[in-house]
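Participant:
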Ligand SMILES: Cc1cc2nc3c(=O)[nH]c(=O)nc-3n(C[C@H](O)[C@H](O)[C@H](O)COP(=O)(O)OP(=O)(O)OC[C@H]3O[C@@H](n4cnc5c(N)ncnc54)[C@H](O)[C@@H]3O)c2cc1C
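Residue numbers (our numbering): 1 to 519.
(1) Quick check on the burial criterion: 16 or more other C-beta atoms within 10 angstroms. Buried or exposed for residue 396?
(2) Is there contact between the region 278-291 and the region 159-168, where contact requires at least three CB pairs shorter than 8 Å?
(3) Rounded to whole angstroms, what's the CA-CA distance from residue 265 to residue 232? Just pull it up for me.
(4) Within the same chain, show all residues whose beta-carbon is closer than 7 Å to that of residue 253, passing over the 5 residues directly before and after it, in chain order.
(5) If the criterion is Cβ atoms closer than 8 Å, does the pair residue 412 and residue 471 meet it?
(6) Short of 6 Å in beta carbon distance, which residues of its chain neighbour residue 25, apart from the five on each side in sequence? Order them along the chain.
(7) Does the beta-carbon of residue 40, which I'm using as the reference point, lie nearer than 7 Å to any heavy atom of ligand 1?
(8) Residue 101 to residue 201, Cα distance in whole Å?
(9) To the nearest angstrom, how far is it from the Cα of residue 129 to the Cα of residue 139?
(10) Roughly how many angstroms lie between the CA atoms of residue 475 and residue 498, to the nearest whole one?
(11) Let me know the beta strand (DSSP E) ranges lying completely inside the region 244-288, each 3 residues or longer, listed in chain order.
(12) Under DSSP, the alpha helix (DSSP H) around residue 51 begins and ends at which residues?
(13) My output table needs one value for residue 429: the three-state DSSP class, helix, strand or coil.
(14) Can you tell me where the alpha helix (DSSP H) holding residue 179 begins and where it ends?
(15) Could you check whether residue 225 and residue 215 sit closer than 8 Å to each other, using their CB atoms as the reference points?
(16) For residue 396, list the residues DSSP reports as bridge partners.
(17) In or out: residue 304 buried (at least 16 other Cβ within 10 Å) or exposed?
(18) With a threshold of 7 Å, establish whether the CB of residue 180 neighbours any heavy atom of ligand 1.
(19) Applying the 10 Å Cβ sphere with the 16-neighbour rule, what's the burial state of residue 105?
(20) Hey, residue 283 and residue 445: beta-carbon distance below 8 Å or not?
(21) Should residue 101 be counted as a contact of ligand 1 given a C-beta to heavy atom distance under 7 Å?
(22) Tell me whether residue 493 is buried or exposed, calling it buried when 16 or more other Cβ atoms sit within 10 Å of its Cβ.
(23) Whole angstroms is fine: what's the gap from residue 36's alpha carbon to residue 86's?
(24) Cβ of residue 8 versus every heavy atom of ligand 1: is any distance shorter than 7 Å?
(25) Report all residues from its chain with a CB closer than 6 Å to the CB of residue 46; omit the five preceding and five following residues, and keep chain order.
(26) Output the distance between the C-alpha atoms of residue 186 and residue 40, rounded to the nearest integer angstrom.
(27) So, under 8 Å CB-CB, residue 487 and residue 441 are touching, yes? Tell me the CB distance rounded to an integer number of Å.
(28) Where do the ends of the beta strand (DSSP E) carrying residue 127 lie?
(29) So, with DSSP's three-state summary, where would you put residue 481?
(30) To which residues of the same chain is residue 390 closer than 7 Å at the C-beta, ignoring the five residues directly before and after it?
(31) What is the DSSP secondary structure of residue 20, reduced to helix, strand or coil?
(32) Across which residues does DSSP place residue 203 in a beta bridge pair?
(33) Could you give the uninterrupted runs of the beta strand (DSSP E) lying entirely in the region 432-456, keeping only those of 3 residues or more?
(34) How big is the Cα-Cα spacing for residue 334 and residue 250?
(35) In whole angstroms, what is the alpha-carbon distance linking residue 416 and residue 219?
(36) Excluding the five sequence neighbours on either side, which residues of its own chain have a C-beta within less than 7 Å of the C-beta of residue 402, listed in chain order?
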């Protein structure tokens, strides 16, 4: 298996495949990981993917939960606040996590080395072709001048970022969702905390100079400033300009020491690839989608791609599912990625767009909207979509049906210890039950080798002889009750394939799936 790109998406993909026993070679044209400032935020679902890749503890050691998001006016006065609980959220990790992408790159590289993933640097992929046999071949250029070679691969995973060569090779285009803005990104080390008292993210809603500000980790701070046509980023990263740009934050701490660690200009865009797969060549991460960073979801979407595709690819390559299963990758991922990008564009425009009058109106409107019940939760919720019906997601039978949605991950008590649910579920399919399981769902679970996990009293063994029992858990019991389900069949990525209500009701998919479809 060849992974193109040793960014966070490529390395996570290789780690997830290693867990299914699939060896990968990761190729990257750069000698070192990307040195410039980039991602600083991941949500709980993205960290759950890192957990599946075996690195969430290492990630927790280099990140911190964020207190939430504030909206500030041009004079840096807060007019809306969305708090985030630092404890575990729906997916078992803090809802909002701040970190430095270079720390994540480093820990993923360490984990890859331990997992036996081969990472070859200064190797550029120059072409990808599908042979008559249906398998792809990758053309590469090595570090020594003039060295070229062709590598055969069972599949090629294009995780090669925004300017993806793999995307060009498969003839995929980028659909523009209508957003282009230049921003200046500054990472600064500060001796004194500027404007202390709040440890979340600040968004300055000022159409004259929109900005984002946060403490990342330790004494490292991130500012992002919108640039205007004709503004020169190189000029704005000179020490005097940095001091002037960040001065409003230091009004209360004059003379505070600040070191510019890195400054870079980025053009934020909103695009989605029109094809994510041709034969056994796939696009993941920034190669497949680009988003402005207003909701901190660009890398998170890449990690979700990796989680969605790797178990399917493993099942197909290991002969447990037929090739059709791979069609569900784009069908499931593209709508979610596009919905997230559109949310980021909307939020970005609402926070930063408009003329003076519109900007003046924004503050009371946002403040009033936030007083509506549930507004905070809705505004902060990551964009989640239900996966469409397919051979691995039953058609939902009522609006609350859990099929196609993701199972929560509480801490559970199992085998004498408190652990996260996914650690009990394992790496394959699982049947999670809190009541009787209809025979057809049990048969489907058996066909895919699912591990049976029952909610109940430890040691109590029921008719269905669970592999594991986890103690009654209010989060899981409440989730099943709201979804009117007694049992759910979970895919390896924790998406509900089928849910059922007890022996009287059938788990009935809308069409029959063959054993091989099930993976
Ligand atoms: C200022 C900024 C702030 C951001 N903030 C956030 C945030 O808070 N949260 C978030 O989730 N996301 C954020 N993002 C987005 C996030 O940084 C990206 O989504 C993420 O880096 C994408 O990872 P990737 O692995 O898909 O691609 P990349 O990290 O770009 O990695 C691609 C790799 O492929 C290699 N490569 C490219 N072409 C070839 C080739 N032909 N042959 C071999 N190798 C090749 C490159 O050298 C590179 O190492 C931000 C981005 C920016 C710019």
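Yeah, the Cβ is synthetic: ideal placement off N, Cα and C, and Gly gets one too. As the structure is a prediction and not an experimental result, all values here were calculated from the model.
Facilitator: On the basis of the coordinates in this document:
(1) Here the question's residue 396 lines up with position 396 in the chain shown. Buried is the call here.
(2) yes
(3) Position 265 of the chain shown, counting from 1, holds the residue named residue 265. Position 232 of the chain shown, counting from 1, holds the residue named residue 232. Using only the alpha carbons, I get a separation of about 9 Å.
(4) Walking along the chain shown from the start, residue 253 turns up at place 253. Closer than 7 Å at Cβ, skipping near neighbours: 192 and 194.
(5) One-based indexing of the chain shown puts residue 412 at position 412. One-based indexing of the chain shown puts residue 471 at position 471. The answer is yes: Cβ separation under 8 Å.
(6) Start at 1 with the first residue of the chain shown, and residue 25 comes out as number 25. Close CB contacts of residue 25 within its chain, under the 6 Å cut and outside five residues either way in sequence, are with 2 and 118 (chain order).
(7) Within the chain shown, numbered from 1, the residue matching residue 40 stands at position 40. Within the cutoff, so yes.
(8) Here residue 101 corresponds to residue number 101 of the chain shown, with the count starting at 1. Here residue 201 corresponds to residue number 201 of the chain shown, with the count starting at 1. Roughly 17 Å between the two C-alpha positions.
(9) One-based indexing of the chain shown puts residue 129 at position 129. One-based indexing of the chain shown puts residue 139 at position 139. Taking the straight line from one Cα to the other gives about 8 Å.
(10) By 1-based counting over the chain shown, the position of residue 475 is 475. By 1-based counting over the chain shown, the position of residue 498 is 498. So the two alpha carbons sit approximately 19 Å from each other.
(11) 258-273 and 281-283
(12) Reading the chain shown from its first residue, position 51 is the one you call residue 51. 44-52 is the extent of the alpha helix (DSSP H) around residue 51.
(13) For this step, residue 429 is matched to residue 429 along the chain shown. In the structure shown, residue 429 sits in coil (DSSP, three-state: anything other than H, G, I, E or B).
(14) To locate residue 179, count along the chain shown from 1; it is residue 179. Residue 179 -> not in any alpha helix (DSSP H); beta strand (DSSP E) instead, spanning 174-190.
(15) For the purposes of this step, residue 215 is identified with residue 215 of the chain shown, where counting begins at 1. For the purposes of this step, residue 225 is identified with residue 225 of the chain shown, where counting begins at 1. Contact flag unset, no.
(16) Within the chain shown, the letter at position 396 stands for residue 396. According to DSSP, residue 396 bridges with nothing at all.
(17) Translated into positions along the chain shown, residue 304 becomes position 304. Answer is buried; the Cβ neighbour count reaches 16.
(18) Counting from one through the chain shown, the residue named residue 180 turns up at place 180. No - ligand 1 has no heavy atom lying nearer than 7 Å to the Cβ of residue 180.
(19) Residue numbering aside, residue 105 sits at position 105 when the chain shown is read from its first letter. Answer is buried; the Cβ neighbour count reaches 16.
(20) Stepping through the chain shown from its first residue, residue 283 is reached at position 283. Stepping through the chain shown from its first residue, residue 445 is reached at position 445. Taking 8 Å as the Cβ cut-off, residue 283 and residue 445 do not qualify as a contacting pair.
(21) One-based indexing of the chain shown puts residue 101 at position 101. True, at least one ligand heavy atom lies under 7 Å from that Cβ.
(22) Locating residue 493 in the chain shown gives position 493, counting from the first residue. The residue is buried, with at least 16 neighbouring Cβ atoms inside 10 Å.
(23) In the chain shown, the residue the question calls residue 36 occupies position 36. In the chain shown, the residue the question calls residue 86 occupies position 86. In a straight line, the C-alpha of residue 36 is about 28 Å away from that of residue 86.
(24) Here residue 8 corresponds to residue number 8 of the chain shown, with the count starting at 1. Yes, the Cβ of residue 8 comes within 7 Å of a heavy atom of ligand 1.
(25) Sequence index remark: in the chain shown, residue 46 carries index 46 (1-based). Taken in chain order, the residues that qualify are 300 and 303.
(26) Counting from one through the chain shown, the residue named residue 186 turns up at place 186. Counting from one through the chain shown, the residue named residue 40 turns up at place 40. Rounded to the nearest angstrom, the two C-alpha atoms are 12 Å apart.
(27) On the chain shown, position 487 is the one that residue 487 refers to. On the chain shown, position 441 is the one that residue 441 refers to. Right, the Cβ-Cβ distance comes to about 6 Å (below 8 Å), so this counts as a contact.
(28) The count along the chain shown starts at 1 and reaches residue 127 at position 127. Segment 124-130, the beta strand (DSSP E) holding residue 127.
(29) Here residue 481 is taken as the residue at index 481 of the chain shown, counted from 1. Here residue 481 sits in helix by DSSP.
(30) As a position in the chain shown, residue 390 is number 390, starting the count at 1. Result list for residue 390: 328 and 331, in chain order.
(31) For the purposes of this step, residue 20 is taken as the residue at position 20 of the chain shown. Three-state DSSP puts residue 20 in coil, outside helix and strand.
(32) One-based indexing of the chain shown puts residue 203 at position 203. Bridge partners of residue 203: 71 and 212.
(33) DSSP runs (the beta strand (DSSP E)) wholly in the region 432-456: 451-456.
(34) In the chain shown, the residue the question calls residue 334 occupies position 334. In the chain shown, the residue the question calls residue 250 occupies position 250. Cα to Cα, the separation comes out at about 42 Å.
(35) The count along the chain shown starts at 1 and reaches residue 416 at position 416. The count along the chain shown starts at 1 and reaches residue 219 at position 219. C-alpha separation (whole angstroms): 40 Å.
(36) Along the chain shown, one-based indexing puts residue 402 at 402. Result list for residue 402: 483, 485, 488, 496 and 499, in chain order.
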